[in-house]
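There are 2 protein chains.
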Amino acid sequence: MASTSTAFNAQRAIRDLRALAERTGGPAGARRLCWTPEWVEARALLREELSTLPVEVEQDEAGNIWAYLRGETDDLVVVGSHLDSVPAGGWLDGALGVLGGLEVLRTLAAAPQRPQRSFALVDWADEEGARFSRSLFGSAAVVGTLDLNILRELKDKWGNALPEVVAEHGVHIDQLEGCQSRLANVVAYLELHIEQGPVLEHKGLGIGIVTGTVGIERERLTFSGQAAHAGTMPMGMRRDSLRAMSRFALELAEIGKRHNGVTTVGSVSCWPGVVTAVPGTTVCTMDMRHIDAGALAAMFAEAKEAAQAAAEAEDCTVELEHIFRIPPMIFDAALVDSVRRAVKAVEGHEFELPSGALHDASEMARVVPTAMVFTQSIAGLSHTKEEDTTDEHLVMGLTAFHQAVLEAVNPGS
Amino acid sequence: MASTSTAFNAQRAIRDLRALAERTGGPAGARRLCWTPEWVEARALLREELSTLPVEVEQDEAGNIWAYLRGETDDLVVVGSHLDSVPAGGWLDGALGVLGGLEVLRTLAAAPQRPQRSFALVDWADEEGARFSRSLFGSAAVVGTLDLNILRELKDKWGNALPEVVAEHGVHIDQLEGCQSRLANVVAYLELHIEQGPVLEHKGLGIGIVTGTVGIERERLTFSGQAAHAGTMPMGMRRDSLRAMSRFALELAEIGKRHNGVTTVGSVSCWPGVVTAVPGTTVCTMDMRHIDAGALAAMFAEAKEAAQAAAEAEDCTVELEHIFRIPPMIFDAALVDSVRRAVKAVEGHEFELPSGALHDASEMARVVPTAMVFTQSIAGLSHTKEEDTTDEHLVMGLTAFHQAVLEAVNPGS
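If you read the sequences in order, they're chains A and B.
The opening position of the first sequence corresponds to residue 1 in the numbering used here, with each subsequent residue numbered one higher.
The opening position of the second sequence corresponds to residue 1001 in the numbering used here, with each subsequent residue numbered one higher.
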């Protein structure tokens, strides 16, 4: 599939994406689950392409693959994303950023002179966390935000322990720290990704400027009342935990709308859980996201009050249990400006949106100037084989991404 | 445990109940699950007691045990309940009515002259339906309301088919019809049972007059929206099936309160059912009960409207699937009057309540004059080892029951 043309060629990147889908996808969708032979196969395709270029390819202590192109200075511009996918996932999620970055690398490598700054393409390991429930594995390792004690306990659904599985791929939990040296000299991180939501399509746009990734608060809520016979317990004497949860779910949605964020009750179960019994215990999860830390904190405070009020209204109690938390990551103003110019040049607008999903860019933004370009997701579909973006919008995204990267790599031009 | 005293002896019935609990119960509660060796053991205790009395003992085609005491006429007064229990159930549920009826039988058998009417004690088979999810098996068989085609398909959780299991107990599905002849000459059916709810305790009463058993409508509701990413799908574009279900659950409670009935969402599950996804599908069950058929019909109509409105409010759809339906069974006015006189004589009041739970009396009430006496359930607890009634209230219940039965058996006295 390689071509020797030296000009940036968005179609070539799309052909690479289709070749990847053919090798590691199928009627049921992408099968590039991390730390499996099919993920290794996907990376073999990347390595084959890199082997034709004048780059140094290295795998770091976290299993991330880096391809370095030396520039005039040691200042390093990094682009990347991830080849791993959820099971039965889409052909573009993660792969677009890696193979789009590969095309940028090809162009830079084929240019008559070296870039001003050095350049690296990275394929982050296990962004999805689909196997061990720990997403952003590779990028978090480089940034130093992994908790080794948690990692050691993680198992996949077949009972395999993470440390043993990753060791088969040359990754040793006790040596992870070493990969943090990869951050040395990094002056910018750029990532191209599909939106995974319906906003761009709703606006009639092909690409968008990402302002950052949202902060997230996740909790598990247990509403406790009193299980009772559905026929013999009068309404006025009930302590119905499902009704308490229902009040909470509806109020949580209002909180999300009021603050222009998103809030979700994604799972619920109740006990005894039979048609003939008032539920004594109902457990649900809460996920809330906002790009503004203050708004997120306000939403979280209101959600805790709403849970308490919902419980009390049904003579129940409620307990919250922390699941996950990440602060909003606001992208670098100058780098976002660069993306803005590129999007303006390609599609003629400056439409900005936050990313409601996490990305490796969320980790990188903690420590280096970071920005992202989004392409439209048809119908907003994500993490499913139906995930798609039109070729027209892929070309827009690849072209704008290329332009923004060029500005970072050759800042004087 | 047998005694030869001829006077009605409520304490003897309580001793019988304790002996039963000792033989077929334990720290985890009653273990008289129908069609198991422990249920057979419980019935062996009953048969031992009956063997000392001048009665004819027969097992009918549905596995019900009948003990007949001949009176001056063929008119037959039947009392009974069930020895089977839910797993880890209480010591009184069903057993109180059978062993209380046994004590009435002892008294009648020991009397110097035969009763005016003939008398039968029945131990109904499989009232609970705890193993095959078909309650009121024996009484429904006698009344002729069982659906053989459904019975043939029923399996327990270990995969055993009902027809094969009941055959081991001498019950053959194709011959069930024969038991309907047991209804010949029946002029009254009386049953003593624990309330299984908190109403009598709340009123500070030990016993109560049961006016009938409530009608029930049970449906399964499937709310369908669109599964979506919890981070990338804006609130305004969501079709959240869990929110639709929540609206319905709260409105259903209002319908129950408004009509002075009971309404319950007892189980709920959603899909994909993960913290990071908007639930595309949410399934719940609805149970609604009322003693008045018109009110129940109105509640059901309002519930269907509420489901539709809840779905539409969240841009979802809803489908209802019928699970179970039984009309209210209003007990016989004359027989209830008889219970009223007995309760008035024993505890000095005329407090009436409908039964929110079904009983074998619900089946019998379809075809013969029927009435029931309730005893208080401490804290309203039922179907658990904590189920209990004080000895004081058991004595009240047994005594009132005995008096009401005597009025039916010797109507001229």
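Glycine included, C-beta positions come from ideal geometry on N, C-alpha and C.
In summary, residue 194 of chain A is buried, with 16 or more beta-carbon neighbours lying within 10 Å of its beta-carbon over all protein chains present.
In the assembly as shown, residue 232 of chain A is a buried residue. Its beta-carbon has 16 or more other beta-carbons within 10 Å. Comparing alpha carbon positions, the residue from A:262, A:142, A:96 and A:22 closest to residue 1234 of chain B is A:262. Among the residues facing chain B, residue 21 of chain A is not included, as its CB has no counterpart in that chain under 8 Å away. Counting C-beta pairs closer than 8 Å gives three or more between the stretch 358-366 of chain A and the stretch 135-145 of chain A, which meets the contact rule.
Secondary structure note for residue 399 of chain A: it is in no beta strand (DSSP E), and the uninterrupted alpha helix (DSSP H) holding it is 391-409. Among the residues of the stretch 1258-1276 of chain B, those with a Cβ less than 9 Å away from any Cβ of chain A are 1260, 1261, 1262, 1263, 1264, 1265, 1266, 1267, 1268, 1269, 1270, 1272, 1273, 1274, 1275 and 1276, in the order of the chain. The Cβ atoms of residue 1081 of chain B and residue 1096 of chain B lie closer than 8 Å to each other. In terms of beta-carbon proximity, residue 1308 of chain B stays away from the interface with chain A, with every pair separated by 8 Å or more.
A direct Cα-Cα distance of roughly 14 Å separates residue 295 of chain A from residue 354 of chain A. In this structure, residue 1310 of chain B keeps its C-beta atom at 8 Å or more from the C-beta atom of residue 1217 of chain B. By the Cβ neighbour-count rule, residue 16 of chain A is buried, with 16 or more other Cβ atoms within 10 Å of its own.
Of all C-beta pairs linking the stretch 1300-1318 of chain B to the stretch 1236-1254 of chain B, three or more are shorter than 8 Å, placing the two stretches in contact. Under the Cβ distance rule, residue 1180 of chain B does not count among the residues neighbouring chain A, no pair being separated by less than 8 Å.
In chain order, 43, 46, 64, 65, 80, 82, 83 and 98 place their CB closer than 7 Å to the CB of residue 123 of chain A, counting only its own chain and leaving out the 5 sequence neighbours on each side. Chain B has no Cβ within less than 8 Å of the Cβ of residue 212 of chain A. Around the beta carbon of residue 1120 of chain B, 16 or more other beta carbons lie within 10 angstroms, which makes this residue buried. Of the residues A:57, A:100, A:71 and A:35, the one whose Cα lies closest to the Cα of residue 18 of chain A is A:100. By the Cβ-count criterion, residue 324 of chain A is exposed, with fewer than 16 other Cβ atoms from all chains shown falling within 10 Å of its own Cβ.
The beta carbon of residue 193 of chain A sits no closer than 8 Å to any beta carbon of chain B. Taking 8 Å as the Cβ-Cβ cut-off, the stretch 1343-1373 of chain B approaches chain A at 1355, 1356, 1357 and 1358, given in chain order.
Look at the stretch 1225-1248 of chain B: the residues with a C-beta under 8 Å from a C-beta of chain A are 1228, 1229, 1230, 1231, 1232, 1233, 1234, 1235, 1236, 1237, 1240, 1242, 1243, 1245, 1246 and 1247. Using a Cβ distance threshold of 8 Å, residue 1287 of chain B and residue 275 of chain A count as a contacting pair. The contact set of residue 256 of chain A on chain B, defined by CB atoms closer than 7 Å, consists of 1235 in chain order.
DSSP places residue 1191 of chain B within a strand segment (E or B) once states are collapsed to three.
Judged by DSSP secondary structure, residue 1059 of chain B falls within the beta strand (DSSP E) whose first and last residues are 1056-1059. Around the C-beta of residue 1032 of chain B, 16 or more other C-beta atoms lie within 10 Å, and the residue is accordingly described as buried. For residue 277 of chain A, the secondary structure class from DSSP, reduced to helix, strand or coil, is strand. Excluding sequence positions up to five before and after residue 409 of chain A, its CB lies within less than 8 Å of the CB of 71, 77, 108, 115, 116, 117 and 119, all in the same chain and listed in chain order.
Beta-bridge analysis with DSSP links residue 1210 of chain B to B:1353 and B:1372. DSSP, read as helix, strand or coil, puts residue 155 of chain A in strand.
Here residue 205 of chain A is not near residue 331 of chain A, since their CB atoms are 8 Å or more apart.
Taken in chain order, the unbroken stretches of alpha helix (DSSP H) that lie wholly in the stretch 1303-1362 of chain B and span 4 residues or more are 1333-1347.
Taking a contact as a CB-CB distance under 8 Å, the pair residue 228 of chain A and residue 238 of chain A counts as one, their CB atoms being some 6 Å apart. Every unbroken stretch of the alpha helix (DSSP H) spanning 4 or more residues and falling wholly within the stretch 1033-1093 of chain B is given here in chain order: 1037-1050.
Residue 1120 of chain B: member of the beta strand (DSSP E) spanning 1118-1123, first to last residue.
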